[in-house]
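For the sequence shown, the positions run 1 to 309 when full-length UniProt numbering is used. Even glycine gets a Cβ: it sits at the ideal position worked out from N, Cα and C. As the structure is a prediction and not an experimental result, all values here were calculated from the model. Worksheet: the structure to be examined is printed underneath.
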Amino acid sequence: MTDDKRERKKASLMNHLTAPRPGVVANEIKKPIAVGIEEDKANGLVLSAVQLKEISFFSMNAMNSIFEGLKSQEYYEQLKRDIAQDGIVNALIALPDGQLIEGHSRLRVAKELGLPTVPVRFILSTLSQDEIKRRVYLGNLNRFEIPSDMRLILFAEVYPDYFHATAQELDQSHQRQVADAGEEILIRPTTAKIVAKAMGLSDRQVRNEKEVFLRAKELSQGATPSAEIVSQARDLLREEKNRRREERAGERQAEQVSPKEWRLVDAKGRGLITVHVDRWPNQAPLDQLQEMIYQWSQQYVSNSQRQES
Numbered sequence: 001m002t003d004d005k006r007e008r009k010k011a012s013l014m015n016h017l018t019a020p021r022p023g024v025v026a027n028e029i030k031k032p033i034a035v036g037i038e039e040d041k042a043n044g045l046v047l048s049a050v051q052l053k054e055i056s057f058f059s060m061n062a063m064n065s066i067f068e069g070l071k072s073q074e075y076y077e078q079l080k081r082d083i084a085q086d087g088i089v090n091a092l093i094a095l096p097d098g099q100l101i102e103g104h105s106r107l108r109v110a111k112e113l114g115l116p117t118v119p120v121r122f123i124l125s126t127l128s129q130d131e132i133k134r135r136v137y138l139g140n141l142n143r144f145e146i147p148s149d150m151r152l153i154l155f156a157e158v159y160p161d162y163f164h165a166t167a168q169e170l171d172q173s174h175q176r177q178v179a180d181a182g183e184e185i186l187i188r189p190t191t192a193k194i195v196a197k198a199m200g201l202s203d204r205q206v207r208n209e210k211e212v213f214l215r216a217k218e219l220s221q222g223a224t225p226s227a228e229i230v231s232q233a234r235d236l237l238r239e240e241k242n243r244r245r246e247e248r249a250g251e252r253q254a255e256q257v258s259p260k261e262w263r264l265v266d267a268k269g270r271g272l273i274t275v276h277v278d279r280w281p282n283q284a285p286l287d288q289l290q291e292m293i294y295q296w297s298q299q300y301v302s303n304s305q306r307q308e309s
C-alpha cells in the first residue's frame with residue numbers, strides 16, 4: 001500500500017469516527033429516533049416528544065439493578081458496537097426528574113463512548129411505585145433473553161396478585177374499596193389473559209407457569225423461590241404428569257386385554273360353564289347380569305338335554 005492510499009484510508013476512517021451520531025448533535029441526526037417502549041407497553045402513558053438531554057441529568061433506577069447481572073458481556077459489546085456505529089436509535093424513557101425507566105444499558109454505553117447527550121422521551125403521566133416497577137421490569141423482560149426459571153420469578157414480582165394467589169383466592173379477589181366520596185370501586189384481579197399478553201405466552205402456558213411457581217413457593221416454605229427451586233418444581237411436576245399419564249395408559253390397556261371370568265357351577269361344585277367377558281361396565285345393573293347368566297345357563301341345559309337324547 002502506497003503512502004498516498006494509506007493517507008486516504010486514514011482520512012476516511014477519521015471522517016467516519018468523527019461523523020455526528022444520532023443523539024450527539026441535534027441538527028445532524030441521520031436516523032429517526034424510535035420510541036423505547038412499544039405501543040402495547042406504552043398504552044395509557046402520555047409521553048413527551050423526543051428531546052436531547054445531557055447524560056449527567058439522568059439517574060439510574062434502583063429497580064433495574066437486578067437485571068444488570070443477567071446481561072452478558074457479549075450483550076454489552078454488541079450494544080456498544082451498534083451505538084458507536086449508529087448512535088442511540090431508541091430513545092430512553094425517563095421520568096421528568098431524570099429517573100430512568102428504560103435505557104440503563106444504553107446510558108452506560110453512551111457514557112463509555114463519551115456522548116454528551118442522549119435522546120429521551122419523558123413520561124408525563126403520574127405513576128405509582130408499582131406502575132414504575134412494572135415499566136422497568138417489562139422493559140427488560142421484553143428486551144433481552146432471560147433464563148425461563150428466572151423469568152418466571154421476575155414476572156411473579158410484576159404480577160404478584162396472580163402468581164401468588166391460589167385458585168380460590170383468585171375467585172375471591174374481587175375487592176371493593178371505598179373512595180373519598182364514599183363511592184365503592186370494584187378492584188378486579190389480574191387474569192391469565194393479561195399475564196399471557198405480557199409474557200408472550202398462551203393462557204394455558206401461563207396457568208402451567210403459575211402451577212410451577214406455586215409448587216416452588218411450597219418447596220421454599222412460603223418464601224420467594226430461587227431459580228434453582230423453580231427448576232426443581234418444574235421437574236417434579238413434569239415427573240408427576242408423566243407418571244399419571246403412564247398410569248392412565250396402563251389402566252386403559254388392562255381394561256382392553258384382561259378378561260373377566262365368570263363360572264357357573266352345580267350344587268356339587270362342578271363347573272357347568274365358564275364365561276369370558278372382555279369388558280363389562282362397572283355400573284352394569286345386577287338384574288341385567290343375572291338375566292344374561294340365566295339365558296346362558298338355559299342354553300347350556302338345553303344343549304345338554306339334546307346331547308343325552
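Please say whether Q232 and residue 313 have beta carbons closer to each other than 8 angstroms?
-> The shown model of the chain, from 1 to 309, leaves out residue 313, and the question about it has no answer.
List the endpoints of the continuous alpha helix (DSSP H) containing R106.
-> H104 to L113
Does DSSP put I146 in a helix, in a strand, or in coil?
-> coil
How about L113 and A94: are their beta carbons less than 8 angstroms apart?
-> no
Supposed close pair V212, L152 - CB separation, criterion 8 angstroms | 7 angstroms
Leaving out five residues before and five after K107 in sequence, what residues of the same chain have Cβ atoms less than 8 angstroms from its Cβ?
-> Here residue 107 is Leu; the residue named in the question, Lys, does not match the sequence. Once the five neighbours on either side are set aside, the close Cβ partners of L107 are I55, F58, M60, L92, L100 and V118.
Completely contained beta strand (DSSP E) runs for the UniProt domain "ParB-like N-terminal" (48 to 141), where each covers 3 or more residues | 51 to 54, 92 to 94, 100 to 102 and 117 to 122
Contact between the stretch 73 to 83 and the stretch 46 to 55: three or more CB pairs below 8 angstroms?
-> no
Under 8 angstroms, do M63 and V136 count as touching if we go by C-beta distance?
-> yes
Could you pull out every residue in the same chain whose Cβ sits closer than 7 angstroms to the Cβ of F67, ignoring the five residues on either side in sequence?
-> N140
Start and end of the alpha helix (DSSP H) containing A216?
-> D203 to L219
L45 (DSSP reduced to helix, strand or coil) = coil
Using three-state DSSP, classify P200 as helix, strand or coil.
-> Here residue 200 is Gly; the residue named in the question, Pro, does not match the sequence. The answer is coil: DSSP assigns G200 none of H, G, I, E or B.
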